[in-house]
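Numbering-wise, the sequence shown is residues -7 to 459 according to the working numbering. Heads up, the beta-carbon is just placed ideally off N, CA and C, and yes, glycines get one too. Contents: one structure, followed by commentary.
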Amino acid sequence: MDLTEVCFAGAARQAELLRSGELTSRELVTECLRRVHAHDRELNAFRVVFDDRALAEADAADARRARGEDAPLLGVPIAVKEDLAIAGLPTTRGTDAVVRVAEADSEVVRLLRAAGAVVLGRTRMPELGLWPYTESSWAGVTRNPWSREHSPGGSSGGSAAAVAAGFVGGAIGTDGAGSIRIPAASTGLFGLKPQRGRVSLLPDEQVWTGLVAAGPITRHVADWALIADQIKDANGAARPPRSSFTAATTADAGRLRIAVSLRPWGPGIPLSQEVRDVVLDTASLLGDLGHDVVRLDPEMNDIAGSTGFAARYLHCADIGRSAVDRPTRLDRRTQQIAALGRRLPAGLVRKVVEQGDRVGAHANRIFSGFDLLLTPVLTRPPLRVGEWSRWSTVRALLAAARMTTFLPLWNIAGNPAASVPAGYTRDGLPLAVQLVGRPHDECTILSVAGQLERARPWADRRPPAFA
(Lines of atoms letter the chains of each structure in order from A and count residues from 1; the text may use other names and numbers.)
(Lines give C-alpha, C1' and ligand atoms only; values in the text may rest on other atoms or scores of the structure.)
Protein backbone atom coordinates (compact mmCIF):
# COMPACT_ATOMS: atom_id res chain seq x y z
CA MET A 1 0.00 0.00 0.00
CA ASP A 2 1.32 3.45 -0.96
CA LEU A 3 1.29 5.40 2.29
CA THR A 4 1.60 8.73 0.47
CA GLU A 5 -1.68 7.95 -1.29
CA VAL A 6 -3.22 7.12 2.07
CA CYS A 7 -2.02 10.40 3.62
CA PHE A 8 -3.77 12.30 0.84
CA ALA A 9 -6.86 10.09 0.87
CA GLY A 10 -8.66 12.16 3.51
CA ALA A 11 -10.16 11.27 6.87
CA ALA A 12 -13.16 9.33 5.54
CA ARG A 13 -11.10 7.02 3.35
CA GLN A 14 -8.50 6.60 6.10
CA ALA A 15 -11.26 5.52 8.47
CA GLU A 16 -12.43 2.94 5.91
CA LEU A 17 -8.93 1.53 5.45
CA LEU A 18 -8.43 1.25 9.20
CA ARG A 19 -11.81 -0.41 9.67
CA SER A 20 -11.12 -2.95 6.91
CA GLY A 21 -7.79 -3.92 8.42
CA GLU A 22 -5.79 -2.86 5.34
CA LEU A 23 -3.88 -0.41 7.52
CA THR A 24 -3.10 0.06 11.19
CA SER A 25 -3.31 3.36 12.98
CA ARG A 26 0.32 2.89 14.03
CA GLU A 27 1.37 2.70 10.35
CA LEU A 28 -0.73 5.73 9.39
CA VAL A 29 0.30 7.92 12.30
CA THR A 30 3.96 6.99 11.88
CA GLU A 31 3.84 8.04 8.23
CA CYS A 32 2.02 11.29 9.06
CA LEU A 33 4.68 12.11 11.66
CA ARG A 34 7.44 11.27 9.18
CA ARG A 35 5.93 13.69 6.67
CA VAL A 36 5.59 16.41 9.29
CA HIS A 37 9.22 16.10 10.37
CA ALA A 38 10.40 15.94 6.76
CA HIS A 39 8.52 18.99 5.53
CA ASP A 40 7.11 21.17 8.29
CA ARG A 41 10.35 23.02 8.95
CA GLU A 42 9.67 24.82 5.66
CA LEU A 43 5.86 25.06 6.00
CA ASN A 44 5.55 25.87 9.73
CA ALA A 45 2.01 24.49 9.93
CA PHE A 46 2.35 23.07 13.45
CA ARG A 47 3.04 24.86 16.69
CA VAL A 48 3.57 21.55 18.50
CA VAL A 49 3.48 17.92 17.39
CA PHE A 50 2.52 15.23 19.90
CA ASP A 51 4.86 12.48 18.65
CA ASP A 52 4.86 10.16 21.65
CA ARG A 53 1.26 10.74 22.64
CA ALA A 54 0.01 10.34 19.07
CA LEU A 55 1.82 7.01 18.70
CA ALA A 56 0.45 5.85 22.05
CA GLU A 57 -3.07 6.84 20.96
CA ALA A 58 -2.54 4.98 17.66
CA ASP A 59 -1.48 1.85 19.52
CA ALA A 60 -4.51 2.15 21.79
CA ALA A 61 -6.77 2.49 18.73
CA ASP A 62 -5.26 -0.63 17.16
CA ALA A 63 -5.74 -2.54 20.42
CA ARG A 64 -9.38 -1.49 20.58
CA ARG A 65 -9.96 -2.64 17.02
CA ALA A 66 -8.26 -5.96 17.76
CA ARG A 67 -10.82 -6.44 20.55
CA GLY A 68 -13.63 -5.89 18.07
CA GLU A 69 -14.37 -2.30 19.04
CA ASP A 70 -15.06 0.49 16.59
CA ALA A 71 -15.64 4.24 16.54
CA PRO A 72 -16.21 6.66 13.63
CA LEU A 73 -12.68 8.12 13.71
CA LEU A 74 -10.87 5.28 15.46
CA GLY A 75 -7.16 5.71 14.75
CA VAL A 76 -7.55 8.63 12.30
CA PRO A 77 -5.00 11.46 12.81
CA ILE A 78 -6.51 14.93 13.16
CA ALA A 79 -4.88 18.31 13.88
CA VAL A 80 -6.46 21.09 15.95
CA LYS A 81 -5.94 24.84 15.89
CA GLU A 82 -4.11 26.37 18.81
CA ASP A 83 -7.12 28.34 20.06
CA LEU A 84 -8.80 25.08 21.15
CA ALA A 85 -7.94 24.04 24.70
CA ILE A 86 -5.92 20.88 25.32
CA ALA A 87 -5.50 19.79 28.93
CA GLY A 88 -2.11 20.59 30.39
CA LEU A 89 -1.12 23.11 27.70
CA PRO A 90 -1.61 26.87 27.38
CA THR A 91 -4.35 27.86 24.92
CA THR A 92 -1.96 30.10 23.02
CA ARG A 93 -4.19 31.63 20.30
CA GLY A 94 -1.21 32.39 18.09
CA THR A 95 0.73 34.29 20.75
CA ASP A 96 3.77 33.90 22.96
CA ALA A 97 1.84 35.68 25.70
CA VAL A 98 -0.11 32.86 27.40
CA VAL A 99 1.43 30.73 30.15
CA ARG A 100 -1.61 29.41 32.07
CA VAL A 101 -2.39 25.83 31.18
CA ALA A 102 -5.86 24.51 30.43
CA GLU A 103 -7.33 22.20 33.05
CA ALA A 104 -9.32 20.18 30.52
CA ASP A 105 -9.74 19.60 26.82
CA SER A 106 -12.10 21.85 24.91
CA GLU A 107 -15.39 20.19 24.01
CA VAL A 108 -14.27 19.83 20.39
CA VAL A 109 -11.11 17.98 21.40
CA ARG A 110 -13.05 15.84 23.89
CA LEU A 111 -15.50 14.80 21.18
CA LEU A 112 -12.71 14.04 18.71
CA ARG A 113 -11.06 11.77 21.26
CA ALA A 114 -14.41 10.14 22.08
CA ALA A 115 -14.81 9.35 18.36
CA GLY A 116 -11.41 7.66 18.42
CA ALA A 117 -9.35 10.33 16.65
CA VAL A 118 -5.61 10.63 17.24
CA VAL A 119 -4.75 14.28 17.93
CA LEU A 120 -1.48 14.68 16.03
CA GLY A 121 -0.68 18.26 16.99
CA ARG A 122 -1.71 21.90 17.28
CA THR A 123 -1.68 24.14 14.22
CA ARG A 124 -0.51 27.72 13.94
CA MET A 125 -2.58 30.88 13.64
CA PRO A 126 -1.80 34.62 13.60
CA GLU A 127 -1.88 36.42 16.93
CA LEU A 128 -5.41 36.41 18.36
CA GLY A 129 -6.73 35.35 14.93
CA LEU A 130 -6.65 38.92 13.67
CA TRP A 131 -5.29 38.46 10.12
CA PRO A 132 -6.17 36.58 6.91
CA TYR A 133 -2.58 35.27 6.81
CA THR A 134 -0.53 33.29 9.34
CA GLU A 135 2.61 35.19 10.29
CA SER A 136 4.04 36.70 13.46
CA SER A 137 7.33 38.22 14.55
CA TRP A 138 8.11 35.44 17.00
CA ALA A 139 6.70 32.34 15.22
CA GLY A 140 7.69 33.31 11.69
CA VAL A 141 5.76 32.56 8.51
CA THR A 142 3.39 29.68 7.77
CA ARG A 143 3.61 28.90 4.05
CA ASN A 144 1.22 27.55 1.46
CA PRO A 145 2.01 24.00 0.23
CA TRP A 146 1.08 25.13 -3.29
CA SER A 147 3.73 27.87 -3.24
CA ARG A 148 6.21 28.68 -0.50
CA GLU A 149 6.06 32.30 -1.59
CA HIS A 150 2.36 32.49 -0.69
CA SER A 151 0.33 32.36 2.50
CA PRO A 152 -2.15 29.58 3.31
CA GLY A 153 -4.40 32.33 4.65
CA GLY A 154 -5.65 32.77 8.17
CA SER A 155 -6.49 32.60 10.78
CA SER A 156 -6.70 28.78 10.49
CA GLY A 157 -3.68 28.82 8.18
CA GLY A 158 -1.77 26.09 9.96
CA SER A 159 -4.76 23.75 9.86
CA ALA A 160 -5.19 24.25 6.11
CA ALA A 161 -1.47 23.89 5.37
CA ALA A 162 -1.34 20.64 7.35
CA VAL A 163 -4.21 19.09 5.38
CA ALA A 164 -3.07 20.38 1.99
CA ALA A 165 0.42 18.96 2.54
CA GLY A 166 -0.93 15.52 3.45
CA PHE A 167 0.14 15.67 7.09
CA VAL A 168 -3.35 14.80 8.39
CA GLY A 169 -6.67 13.70 6.90
CA GLY A 170 -8.50 16.67 8.42
CA ALA A 171 -7.98 19.55 10.83
CA ILE A 172 -10.16 21.76 12.99
CA GLY A 173 -10.28 25.50 12.44
CA THR A 174 -12.29 28.40 13.80
CA ASP A 175 -13.96 31.20 11.84
CA GLY A 176 -14.83 34.66 13.16
CA ALA A 177 -14.62 36.56 9.87
CA GLY A 178 -13.73 33.92 7.32
CA SER A 179 -10.95 32.09 9.15
CA ILE A 180 -12.00 28.63 7.95
CA ARG A 181 -13.03 29.75 4.47
CA ILE A 182 -9.99 31.94 3.72
CA PRO A 183 -7.36 29.22 4.29
CA ALA A 184 -9.50 26.55 2.63
CA ALA A 185 -9.79 28.77 -0.44
CA SER A 186 -6.06 29.52 -0.41
CA THR A 187 -5.01 25.85 -0.26
CA GLY A 188 -7.56 24.07 -2.46
CA LEU A 189 -9.56 22.49 0.37
CA PHE A 190 -13.16 22.27 1.50
CA GLY A 191 -13.98 24.37 4.54
CA LEU A 192 -17.49 24.94 5.84
CA LYS A 193 -18.16 27.37 8.66
CA PRO A 194 -21.11 25.68 10.35
CA GLN A 195 -24.18 27.38 11.74
CA ARG A 196 -23.51 29.39 14.88
CA GLY A 197 -23.99 27.05 17.85
CA ARG A 198 -23.58 23.87 15.80
CA VAL A 199 -20.21 23.08 17.40
CA SER A 200 -19.64 23.87 21.07
CA LEU A 201 -16.86 26.35 21.88
CA LEU A 202 -16.66 25.29 25.54
CA PRO A 203 -14.90 26.14 27.80
CA ASP A 204 -15.75 29.49 26.15
CA GLU A 205 -19.42 30.41 26.13
CA GLN A 206 -18.91 32.43 22.97
CA VAL A 207 -15.95 33.93 21.14
CA TRP A 208 -15.67 37.34 19.49
CA THR A 209 -19.13 38.46 20.70
CA GLY A 210 -20.71 35.42 19.04
CA LEU A 211 -19.02 35.74 15.65
CA VAL A 212 -16.86 32.60 15.89
CA ALA A 213 -17.78 29.06 14.82
CA ALA A 214 -15.54 25.98 14.82
CA GLY A 215 -15.42 23.31 12.15
CA PRO A 216 -13.24 21.07 9.99
CA ILE A 217 -11.03 21.87 7.01
CA THR A 218 -10.65 18.82 4.75
CA ARG A 219 -9.70 17.48 1.33
CA HIS A 220 -13.13 16.06 0.50
CA VAL A 221 -16.71 17.02 1.35
CA ALA A 222 -17.19 13.56 2.89
CA ASP A 223 -14.22 14.12 5.21
CA TRP A 224 -15.80 17.32 6.51
CA ALA A 225 -19.11 15.59 7.06
CA LEU A 226 -17.61 12.62 8.91
CA ILE A 227 -15.64 14.83 11.32
CA ALA A 228 -18.45 17.35 11.78
CA ASP A 229 -20.91 14.57 12.60
CA GLN A 230 -18.69 13.69 15.57
CA ILE A 231 -18.19 17.21 16.95
CA LYS A 232 -21.63 18.75 16.46
CA ASP A 233 -23.40 19.71 19.66
CA ALA A 234 -26.69 17.84 20.06
CA ASN A 235 -27.77 20.32 22.73
CA GLY A 236 -26.49 23.49 21.08
CA ALA A 237 -28.33 26.56 19.85
CA ALA A 238 -28.44 25.34 16.24
CA ARG A 239 -31.51 23.45 15.08
CA PRO A 240 -30.84 19.74 14.44
CA PRO A 241 -29.90 19.04 10.82
CA ARG A 242 -32.44 17.11 8.76
CA SER A 243 -30.00 14.22 8.35
CA SER A 244 -26.49 13.31 9.29
CA PHE A 245 -23.95 15.43 7.48
CA THR A 246 -22.49 12.26 5.97
CA ALA A 247 -25.85 11.32 4.46
CA ALA A 248 -26.26 14.84 3.10
CA THR A 249 -23.10 14.61 0.96
CA THR A 250 -24.73 12.07 -1.37
CA ALA A 251 -28.38 13.07 -0.97
CA ASP A 252 -30.30 14.27 -4.00
CA ALA A 253 -30.54 18.02 -3.56
CA GLY A 254 -33.38 18.31 -6.05
CA ARG A 255 -33.74 21.31 -8.32
CA LEU A 256 -32.60 24.31 -6.28
CA ARG A 257 -32.80 28.02 -6.86
CA ILE A 258 -29.33 29.47 -6.48
CA ALA A 259 -28.55 33.19 -6.50
CA VAL A 260 -25.17 34.37 -7.77
CA SER A 261 -23.71 37.61 -6.48
CA LEU A 262 -20.46 39.37 -7.37
CA ARG A 263 -21.35 42.47 -5.36
CA PRO A 264 -18.80 43.21 -2.61
CA TRP A 265 -19.96 44.21 0.87
CA GLY A 266 -19.06 47.86 0.48
CA PRO A 267 -18.36 50.39 -2.28
CA GLY A 268 -15.32 50.55 -4.51
CA ILE A 269 -13.90 47.09 -3.83
CA PRO A 270 -12.26 45.52 -6.91
CA LEU A 271 -12.72 41.89 -7.90
CA SER A 272 -9.97 40.11 -9.83
CA GLN A 273 -10.92 38.70 -13.23
CA GLU A 274 -9.73 35.21 -12.27
CA VAL A 275 -12.04 35.21 -9.25
CA ARG A 276 -14.95 36.51 -11.31
CA ASP A 277 -14.38 33.82 -13.91
CA VAL A 278 -14.43 30.87 -11.47
CA VAL A 279 -17.65 32.10 -9.86
CA LEU A 280 -19.38 32.41 -13.22
CA ASP A 281 -17.95 29.06 -14.34
CA THR A 282 -19.32 27.41 -11.18
CA ALA A 283 -22.69 29.08 -11.78
CA SER A 284 -22.72 27.56 -15.27
CA LEU A 285 -21.83 24.13 -13.88
CA LEU A 286 -24.63 24.35 -11.32
CA GLY A 287 -27.01 25.11 -14.17
CA ASP A 288 -25.74 22.07 -16.03
CA LEU A 289 -26.39 20.02 -12.88
CA GLY A 290 -30.06 20.97 -13.07
CA HIS A 291 -30.35 23.95 -10.76
CA ASP A 292 -32.02 27.28 -11.49
CA VAL A 293 -29.18 29.80 -11.25
CA VAL A 294 -30.00 33.51 -11.22
CA ARG A 295 -27.62 36.46 -11.17
CA LEU A 296 -28.70 38.71 -8.29
CA ASP A 297 -26.62 41.35 -6.50
CA PRO A 298 -28.69 42.26 -3.43
CA GLU A 299 -27.87 45.16 -1.17
CA MET A 300 -26.78 43.65 2.16
CA ASN A 301 -26.93 46.66 4.49
CA ASP A 302 -23.41 47.32 3.31
CA ILE A 303 -22.37 50.49 5.11
CA ALA A 304 -24.05 49.92 8.48
CA GLY A 305 -23.17 46.24 8.51
CA SER A 306 -19.51 46.55 7.53
CA THR A 307 -18.95 49.53 9.84
CA GLY A 308 -20.54 47.65 12.73
CA PHE A 309 -18.41 44.60 12.01
CA ALA A 310 -15.26 46.73 12.03
CA ALA A 311 -16.16 48.03 15.49
CA ARG A 312 -16.83 44.50 16.76
CA TYR A 313 -13.52 43.28 15.33
CA LEU A 314 -11.55 46.04 17.06
CA HIS A 315 -13.41 45.45 20.32
CA CYS A 316 -12.66 41.72 20.11
CA ALA A 317 -8.97 42.46 19.57
CA ASP A 318 -9.00 44.42 22.81
CA ILE A 319 -10.79 41.58 24.61
CA GLY A 320 -8.19 39.16 23.29
CA ARG A 321 -5.32 41.33 24.44
CA SER A 322 -6.84 41.64 27.91
CA ALA A 323 -7.15 37.86 28.21
CA VAL A 324 -3.47 36.99 27.67
CA ASP A 325 -1.07 36.68 30.61
CA ARG A 326 1.76 38.79 29.22
CA PRO A 327 0.34 41.38 26.80
CA THR A 328 3.68 43.13 26.36
CA ARG A 329 4.83 40.09 24.38
CA LEU A 330 2.23 40.72 21.67
CA ASP A 331 3.36 42.04 18.29
CA ARG A 332 3.25 45.77 17.71
CA ARG A 333 0.44 45.45 15.17
CA THR A 334 -1.65 43.38 17.58
CA GLN A 335 -1.19 46.00 20.26
CA GLN A 336 -2.13 48.78 17.85
CA ILE A 337 -5.36 47.04 16.83
CA ALA A 338 -6.26 46.38 20.46
CA ALA A 339 -5.58 50.03 21.28
CA LEU A 340 -8.07 51.08 18.59
CA GLY A 341 -10.61 48.77 20.19
CA ARG A 342 -10.04 50.26 23.65
CA ARG A 343 -10.99 53.70 22.31
CA LEU A 344 -14.47 52.57 21.29
CA PRO A 345 -17.20 53.75 23.68
CA ALA A 346 -18.91 50.87 25.50
CA GLY A 347 -22.30 52.10 24.32
CA LEU A 348 -21.22 51.95 20.69
CA VAL A 349 -20.01 48.39 21.11
CA ARG A 350 -23.32 47.33 22.65
CA LYS A 351 -25.19 49.02 19.83
CA VAL A 352 -23.28 47.32 17.01
CA VAL A 353 -23.59 43.90 18.66
CA GLU A 354 -27.34 44.41 19.05
CA GLN A 355 -27.49 45.65 15.44
CA GLY A 356 -26.12 42.28 14.30
CA ASP A 357 -29.53 40.62 14.46
CA ARG A 358 -31.01 43.26 12.16
CA VAL A 359 -28.08 43.00 9.73
CA GLY A 360 -28.46 39.21 9.68
CA ALA A 361 -32.21 39.36 9.16
CA HIS A 362 -31.72 41.81 6.28
CA ALA A 363 -29.14 39.54 4.65
CA ASN A 364 -31.36 36.47 5.04
CA ARG A 365 -34.16 38.03 3.02
CA ILE A 366 -32.46 36.54 -0.03
CA PHE A 367 -33.42 33.06 1.18
CA SER A 368 -37.10 33.83 0.90
CA GLY A 369 -36.70 33.08 -2.80
CA PHE A 370 -33.46 31.11 -3.04
CA ASP A 371 -31.97 28.00 -1.47
CA LEU A 372 -28.30 28.96 -1.75
CA LEU A 373 -26.17 31.99 -2.46
CA LEU A 374 -23.03 31.67 -4.60
CA THR A 375 -20.30 34.32 -4.22
CA PRO A 376 -16.53 34.59 -4.32
CA VAL A 377 -14.63 33.65 -1.18
CA LEU A 378 -11.84 36.18 -1.66
CA THR A 379 -11.66 39.08 -4.08
CA ARG A 380 -8.20 38.04 -5.30
CA PRO A 381 -5.84 35.03 -5.45
CA PRO A 382 -3.86 34.03 -2.33
CA LEU A 383 -1.62 36.58 -0.65
CA ARG A 384 2.12 36.53 -1.03
CA VAL A 385 4.10 35.98 2.16
CA GLY A 386 4.83 39.34 3.80
CA GLU A 387 2.86 41.24 1.15
CA TRP A 388 1.47 43.74 3.65
CA SER A 389 4.31 43.65 6.18
CA ARG A 390 5.65 47.11 5.36
CA TRP A 391 2.24 48.75 5.34
CA SER A 392 0.81 50.67 8.26
CA THR A 393 -1.57 48.72 10.46
CA VAL A 394 -4.60 50.71 9.29
CA ARG A 395 -3.69 50.28 5.62
CA ALA A 396 -3.27 46.51 6.12
CA LEU A 397 -6.61 46.31 7.93
CA LEU A 398 -8.35 48.07 5.04
CA ALA A 399 -6.70 45.73 2.54
CA ALA A 400 -7.82 42.72 4.60
CA ALA A 401 -11.38 44.04 4.68
CA ARG A 402 -11.39 44.43 0.89
CA MET A 403 -9.96 40.96 0.30
CA THR A 404 -12.46 39.23 2.61
CA THR A 405 -15.50 41.40 1.88
CA PHE A 406 -17.81 38.46 1.06
CA LEU A 407 -17.22 36.65 4.36
CA PRO A 408 -17.93 38.50 7.67
CA LEU A 409 -21.62 39.09 6.97
CA TRP A 410 -22.29 35.39 7.49
CA ASN A 411 -20.51 35.42 10.83
CA ILE A 412 -22.81 38.24 11.89
CA ALA A 413 -25.89 36.42 10.60
CA GLY A 414 -24.66 33.02 11.82
CA ASN A 415 -25.50 31.15 8.59
CA PRO A 416 -23.46 28.17 7.41
CA ALA A 417 -21.09 29.13 4.59
CA ALA A 418 -18.53 27.05 2.74
CA SER A 419 -15.44 27.54 0.63
CA VAL A 420 -15.54 25.10 -2.29
CA PRO A 421 -12.50 24.59 -4.58
CA ALA A 422 -13.20 25.92 -8.06
CA GLY A 423 -9.98 25.97 -10.07
CA TYR A 424 -6.56 27.54 -10.23
CA THR A 425 -4.89 30.74 -11.28
CA ARG A 426 -2.60 30.90 -14.31
CA ASP A 427 0.26 30.39 -11.82
CA GLY A 428 -1.28 27.24 -10.33
CA LEU A 429 -2.65 28.72 -7.09
CA PRO A 430 -6.05 27.52 -5.82
CA LEU A 431 -9.23 29.51 -6.30
CA ALA A 432 -12.62 28.91 -4.67
CA VAL A 433 -16.25 29.95 -4.47
CA GLN A 434 -18.47 30.46 -1.44
CA LEU A 435 -21.80 28.69 -0.94
CA VAL A 436 -24.02 30.25 1.74
CA GLY A 437 -27.02 28.36 3.05
CA ARG A 438 -30.21 29.21 4.86
CA PRO A 439 -29.89 29.41 8.66
CA HIS A 440 -29.20 25.97 10.18
CA ASP A 441 -28.99 24.33 6.74
CA GLU A 442 -25.53 22.86 6.28
CA CYS A 443 -27.13 19.85 4.59
CA THR A 444 -28.06 21.68 1.39
CA ILE A 445 -24.55 23.12 1.13
CA LEU A 446 -23.08 19.63 1.59
CA SER A 447 -25.39 18.11 -1.03
CA VAL A 448 -24.49 20.72 -3.64
CA ALA A 449 -20.78 20.74 -2.72
CA GLY A 450 -20.85 16.95 -3.12
CA GLN A 451 -22.37 17.38 -6.58
CA LEU A 452 -19.67 19.87 -7.52
CA GLU A 453 -16.92 17.58 -6.26
CA ARG A 454 -18.23 14.63 -8.24
CA ALA A 455 -18.58 16.76 -11.38
CA ARG A 456 -15.22 18.52 -10.97
CA PRO A 457 -12.99 16.52 -8.60
CA TRP A 458 -10.40 18.68 -6.92
CA ALA A 459 -8.58 16.40 -4.49
CA ASP A 460 -6.76 14.43 -7.20
CA ARG A 461 -4.52 17.43 -7.79
CA ARG A 462 -1.94 17.89 -5.02
CA PRO A 463 0.81 20.38 -4.23
CA PRO A 464 3.67 19.00 -6.36
CA ALA A 465 6.36 19.27 -3.68
CA PHE A 466 4.35 17.08 -1.29
CA ALA A 467 2.67 14.57 -3.58
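Rounded distance between the beta-carbons of residue j and residue i, thought under 8 angstroms
i: Ala71; j: Ala131; result: Ala71 to Ala131, Cβ: 16 angstroms. No contact.
i: Val286; j: Val252; result: 7 angstroms
i: Val440; j: Leu277; result: So it is not a contact: roughly 11 angstroms between Cβ atoms.
i: Thr241; j: Leu438; result: 5 angstroms
i: Ser236; j: Asp221; result: 5 angstroms
i: Asp284; j: Ile250; result: 7 angstroms
i: Ile78; j: Val100; result: Not quite, the Cβ-Cβ distance comes to about 10 angstroms (not below 8 angstroms), so this is no contact.
i: Leu218; j: Ala447; result: The pair is not a contact, with the Cβ atoms about 21 angstroms apart (cut-off 8 angstroms).
i: Phe12; j: Lys73; result: What sits at residue 12 in the sequence shown is Ser, not Phe. That pair is no contact at about 30 angstroms.
i: Arg85; j: Gly60; result: Actually they do not touch by this definition, with Cβ atoms about 41 angstroms apart.
i: Asp317; j: Val90; result: 5 angstroms
Sequence-distant residues of its chain with Cβ nearer than 8 angstroms to residue i (five each side left out)
i: Leu489; result: The question about residue 489 has no answer, for the chain in this structure spans -7 to 459.
i: Glu19; result: Leu(-5)
i: Val155; result: Ala71, Gly161, Gly162, Ala163, Thr179, Leu181, Ile209, Thr210 and Arg211
i: Leu375; result: Pro124, Tyr125, His142, Ser143, Gly145, Ser178 and Met395
i: Asp43; result: Leu25
i: Ala378; result: A small correction: the amino acid at residue 378 is Gly; Ala does not occupy that position in the sequence shown. These residues qualify, in order along the chain: Glu127 and Val133.
Within 8 angstroms, strictly: CB atoms of residue i and residue j
i: Ser171; j: Gly146; result: yes
i: Thr115; j: Phe38; result: yes
i: Val199; j: Gly113; result: no
i: Pro175; j: Pro137; result: no
i: Ala410; j: Leu427; result: yes
i: Thr371; j: Pro290; result: no
i: Val271; j: Pro368; result: yes
i: Arg454; j: Phe0; result: yes
i: Ala309; j: Ala330; result: yes
i: Ala296; j: Gln265; result: no
i: Ala169; j: Thr396; result: yes
i: Gly429; j: Leu423; result: no
i: Ala58; j: Ser17; result: no
i: Asn356; j: Pro431; result: yes
i: Thr495; j: Pro456; result: The question about residue 495 has no answer here: the residues shown for the chain are numbered -7 through 459.
i: Arg173; j: Leu399; result: yes
i: Leu81; j: Val93; result: yes
i: Leu263; j: Arg135; result: no
i: Leu254; j: Arg268; result: yes
i: His31; j: Phe458; result: yes
i: Arg325; j: Thr385; result: yes
Spatial neighbours of residue i in its chain, beta-carbon cut-off 6 angstroms, leaving aside the 5 residues before and after
i: Glu127; result: Val133
i: Ala46; result: Val21, Val110 and Leu112
i: Pro69; result: Val21, Cys24, Val110, Leu112 and Val160
i: Ala392; result: Pro124
i: Val341; result: His307
i: Gly300; result: Val344 and Gln347
i: Thr274; result: Ala414 and Val425
i: Val351; result: Asn293, Gly297 and Ile404
i: Gly183; result: Ile172, Arg173, Ala176, Ile209 and Ser411
i: Ala96; result: Ala79
i: Glu49; result: Val110
i: Pro186; result: Ala205, Gly207, Pro408 and Glu434
i: Trp402; result: Ala409 and Val428
i: Gly165; result: Lys73, Ser148, Ser151, Ile172 and Ile209
i: Glu533; result: Only positions -7 to 459 of the chain appear in the structure, and residue 533 is not among them; the question remains open.
Residues of its chain near residue i, where Cβ-Cβ distance is below 7 angstroms and the 5 sequence neighbours each way are ignored
i: Gly202; result: Arg188
i: Gly228; result: Gly189, Arg190 and Ser192
i: Ser139; result: Leu421
i: Ala107; result: Ala63, Pro64, Leu65 and Gln222
i: Asp323; result: Glu119, Ser128 and Ser129
i: Asp433; result: Pro408
i: Gly361; result: Arg249
i: Trp450; result: Gly180 and Pro413
i: Trp380; result: Ala388 and Ala391
i: Ile358; result: Ala251, Pro290 and Leu365
i: Arg56; result: Leu66
i: Gln443; result: Ala245 and Leu281
Proximity test, Cβ basis, 8 angstroms: residue i and chain E
i: Thr326; result: Structure shown: chain E not included; a single protein chain is present.
Segments of 4+ residues assigned as alpha helix (DSSP H) that fall wholly inside the region 305 to 336: 324 to 334
Runs of alpha helix (DSSP H) lying entirely within the region 40 to 64, each at least 4 residues, in chain order: 43 to 58
Sequence ranges, beta strand (DSSP E) only - wholly within the region 146 to 231, length at least 3: 162 to 167, 182 to 185 and 205 to 210
Any beta strand (DSSP E) of 3 or more consecutive residues that is wholly inside the region 385 to 430: 409 to 416 and 422 to 429
What beta strand (DSSP E) runs, 3 residues minimum, are completely inside the region 248 to 312? 249 to 252 and 284 to 287
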